[in-house]
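In order, the protein sequences belong to chains A and B. Heads up: the first sequence at position 55 corresponds to 164 in the working numbering, and the numbers run straight through without jumps. Heads up: the second sequence at position 24 corresponds to 696 in the working numbering, and the numbers run straight through without jumps. All C-beta atoms in this analysis are idealised placements derived from N, C-alpha and C, irrespective of residue type, glycine included. On a predicted model such as this, the values are computed, not experimentally measured, just so you know.
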Amino acid sequence: MKKTPMLIIGGGPAGLSCAIQAASLGQSVTIVERSHSLGGQLVKQTHKFFGSEKQYASVRGFKIAELLIQEYEKYKDLIEVVLDATVTGLYPDKVCTIVQNGRYYKIKSEVIVVATGASEKFIAFENNDLPGIYGAGAVQTLMNQYGVLPGNKIVMVGSGNIGLIVSYQLMQAGVKVVSVLEAAPLIGGYLVHASKLRRLGVPIHTSKSILKANGSACVESIVIADLDDSWNPIPGTEETVEVDAVCVSVGLSPMHQLLSMVGARILFIPELGGWVPKVSECHETSVDNIFACGDLSGVEEASSAMVEGRLTGLFAARRLLGTIDNDESIHQDLISQLEGLRSGPFGKKTREGLLQMKEEGQC
Amino acid sequence: MRIEKHPILEFSNHQEIAFFYNGKEVLGREGDTIASALHALGIKELSKSIHYKRSRGFYCAIGNCGSCNMTVNDVPNVRTCMTKIEQGMRVFSQPGKGELI
Chain A
110 MKKTPMLIIG
120 GGPAGLSCAI
130 QAASLGQSVT
140 IVERSHSLGG
150 QLVKQTHKFF
160 GSEKQYASVR
170 GFKIAELLIQ
180 EYEKYKDLIE
190 VVLDATVTGL
200 YPDKVCTIVQ
210 NGRYYKIKSE
220 VIVVATGASE
230 KFIAFENNDL
240 PGIYGAGAVQ
250 TLMNQYGVLP
260 GNKIVMVGSG
270 NIGLIVSYQL
280 MQAGVKVVSV
290 LEAAPLIGGY
300 LVHASKLRRL
310 GVPIHTSKSI
320 LKANGSACVE
330 SIVIADLDDS
340 WNPIPGTEET
350 VEVDAVCVSV
360 GLSPMHQLLS
370 MVGARILFIP
380 ELGGWVPKVS
390 ECHETSVDNI
400 FACGDLSGVE
410 EASSAMVEGR
420 LTGLFAARRL
430 LGTIDNDESI
440 HQDLISQLEG
450 LRSGPFGKKT
460 REGLLQMKEE
470 GQC
Chain B
673 MRIEKHPILE
683 FSNHQEIAFF
693 YNGKEVLGRE
703 GDTIASALHA
713 LGIKELSKSI
723 HYKRSRGFYC
733 AIGNCGSCNM
743 TVNDVPNVRT
753 CMTKIEQGMR
763 VFSQPGKGEL
773 I
């Protein structure tokens, strides 16, 4: 069985930042990543990020992935990267089972950081399984990574930041965005993103949602309707819209499955995205020496995932190395960056979620 | 349908790769996954569901949802959104659970 002192599951913004931080302190690590490349979902994000300079503000997502990979290359001697490898199991003796190119093997590690991210949520409506109905992330992957259009005429379901940003990206790629539907009475995302769409003539309908998709081998049209105060469709307001694709952007669920498997305590905190592992202030789960960070421990922006990754890299390295030079100043810097990102009205949900996590007591 | 012009991104690799979809030779581009290559050819239905034989296409495109499974080079349940095309690859729609042997 292969052995490593520190194993990171997931090479996205959180996992990669975690590895870089730990390696910068002299700790050797192994990253296991499911896809062909590092960077996670950053590689398909063409929009510019917010935040401050340290979190790569006003740099496009895929460029941030390139910057992180450049930074990783400085520590290549200390960071081993295993690509195209899916972790299929995590056990209390800190053994991970991995499938890579049809081969099944095990890695044992002293410290494990789980940074598996989140998966796209789905909503219930008739024929929601028709081809041509995609998650917003899938649309980004198809367009921005592979250069393929999802369709010609599309309706976006959900007006959170992802829904708004991806609508704009669809237009950049030449797709007609018929409208954005939002079941809630208010637009979910930042006004700056919504205004951009409105200026381009895309209507954003609040209190409206999708009831049904029509088509045989692929979606051909959808039925939409107004919703009342209790989120029920109002009879008589149904309307059929011709589309050849539908984009569903209704949020993300943390991918806690490996942590559930290993017996870590999992809490239900809707403000953080649903089922999340209970973590200590040091991002350690209820299982000793197993840490969690990024969207897995609370769905936020990638900016926060990167800082949280670095913070968790510090904690994990501290566990293995004992004393660390400048520990306190690194710690304080990362904590204040996170506080900055979570301040203001849009950080409210995360702040409330994290407070609930704290109130749940010790791991 | 390929994106030919984009304000931010450049798609310059036009190297073609021939593979087989349900026995018919088709062309994708280097770097494509099976799902993206088929989608570019207008093929959105990848397989049928196990019980009710409903049309299945991909939903997440990053290997989470399992809606894009097809039989590739005789191996069933391959996540086609994660698997890159290769010259001569044999890709088939999968009508059921798939048999290993």
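When the cut-off is 9 Å and only beta carbons count, does residue i lie next to chain B?
i: A:HIS365; result: no
i: A:TYR213; result: no
i: A:ASN261; result: yes
i: A:ILE444; result: no
i: A:ASP186; result: no
i: A:THR197; result: no
i: A:ARG308; result: no
i: A:ASP404; result: no
i: A:ARG169; result: yes
i: A:PHE231; result: yes
i: A:GLN209; result: no
i: A:GLN179; result: no
i: A:GLN150; result: yes
i: A:ASP338; result: no
Can you check whether the CB of residue j is closer than 9 Å to the CB of residue i?
i: A:ILE313; j: A:SER288; result: yes
i: B:CYS740; j: A:SER228; result: no
i: A:SER330; j: A:VAL352; result: yes
i: A:GLY160; j: A:ILE140; result: no
i: B:LEU699; j: B:SER765; result: no
i: A:VAL286; j: A:VAL264; result: yes
i: A:SER126; j: A:ALA414; result: yes
i: A:ILE188; j: A:ALA132; result: yes
i: A:LEU176; j: A:TYR165; result: yes
i: A:ALA224; j: A:ILE343; result: no
i: A:GLY226; j: A:LEU367; result: no
Would residue i pass as an interface residue toward chain A - the criterion being a Cβ-Cβ separation below 9 Å?
i: B:PRO679; result: yes
i: B:THR705; result: yes
i: B:GLU717; result: yes
i: B:PHE691; result: no
Could you tell me which chain B residues have their CB closer than 7 Å to the CB of residue i, listed as they occur along the chain?
i: A:ARG143; result: GLY735
i: A:GLY241; result: LYS716 and GLY729
i: A:SER228; result: CYS732 and ASN736
i: A:ASP202; result: Result: empty, since nearest Cβ-Cβ is about 27 Å, beyond 7 Å.
i: A:THR155; result: ILE680 and LEU681
Run through chain A and tell me which residues come within less than 8 Å of residue i, C-beta to C-beta.
i: B:ILE675; result: MET252, GLY256, VAL257, LEU258, ALA282 and GLY283
Going along chain B in order, which residues have a C-beta closer than 8 Å to the C-beta of residue i?
i: A:GLY246; result: CYS732, ALA733 and ILE734
i: A:ALA326; result: LYS716, GLU717 and SER727
Can you give the Cα-Cα distance for residue i and residue j, rounded to whole angstroms?
i: A:ASP436; j: A:HIS145; result: 34 Å
i: A:SER362; j: A:GLU409; result: 11 Å
i: A:GLY200; j: A:MET370; result: According to the sequence shown, residue 200 of chain A is Tyr rather than Gly. Spanning the two alpha carbons is a distance of roughly 7 Å.
i: A:GLY470; j: A:THR432; result: 27 Å
i: B:LYS716; j: A:PHE455; result: 37 Å
i: A:LYS163; j: B:VAL747; result: 46 Å
i: A:GLY403; j: A:LYS215; result: 24 Å
i: A:GLU347; j: A:ASP335; result: 7 Å
i: A:LEU273; j: A:ALA292; result: 14 Å
i: A:ILE296; j: A:GLY269; result: 7 Å
i: B:MET761; j: B:SER727; result: 23 Å
i: A:VAL196; j: A:THR206; result: 6 Å
i: A:LYS457; j: A:ALA303; result: 20 Å
i: B:HIS723; j: B:MET742; result: 16 Å
i: A:ASN398; j: A:ILE333; result: 49 Å
i: B:ALA712; j: A:ASP186; result: 40 Å
i: B:MET673; j: A:GLY407; result: 36 Å
i: A:PRO114; j: A:LEU134; result: 14 Å
i: A:SER438; j: A:GLN446; result: 12 Å
Applying a beta-carbon distance threshold of less than 9 Å, which residues of chain A neighbour residue i?
i: B:PHE764; result: Those within 9 Å of B:PHE764 in chain A number zero; the least Cβ separation is about 16 Å.
Cβ closer than 7 Å: which chain A residues qualify as neighbours of residue i?
i: B:MET742; result: Neighbours of B:MET742 on chain A: none; closest Cβ ~13 Å, over 7 Å.
i: B:HIS711; result: LEU251 and VAL257
i: B:MET754; result: SER144
Can you list the residues of chain B that residue i reaches, using a CB-CB cut of under 9 Å?
i: A:THR349; result: Per Cβ cutoff of 9 Å: no residues; A:THR349 is ~20 Å from chain B at best.
### Task
Assess, as a yes-or-no matter, whether the segment 731-739 of chain B is touched by the segment 223-243 of chain A under the definition of 3 or more beta carbon pairs within less than 8 Å.
yes
### Query
Are at least three pairs of beta-carbons, each pair with one atom in the segment 143-159 of chain A and one in the segment 253-269 of chain A, less than 8 Å apart?
yes
### Query
On the three-pair Cβ rule with 8 Å, is the segment 423-434 of chain A touching the segment 212-229 of chain A?
Proximity of the segment 423-434 of chain A to the segment 212-229 of chain A meets the contact definition, three or more beta-carbon pairs being nearer than 8 Å.
### Task
Answer yes if the segment 370-380 of chain A comes into contact with the segment 349-361 of chain A, meaning at least three C-beta pairs across the two stretches below 8 Å, and no otherwise.
Contact between the segment 349-361 of chain A and the segment 370-380 of chain A is absent, with fewer than three C-beta pairs closer than 8 Å.
### Query
Are the segment 268-283 of chain A and the segment 171-187 of chain A in contact at 8 Å, needing three or more beta carbon pairs?
no
### Query
Touch check for the segment 745-754 of chain B and the segment 701-711 of chain B: three-plus C-beta pairs under 8 Å?
Verdict: yes, contact present.
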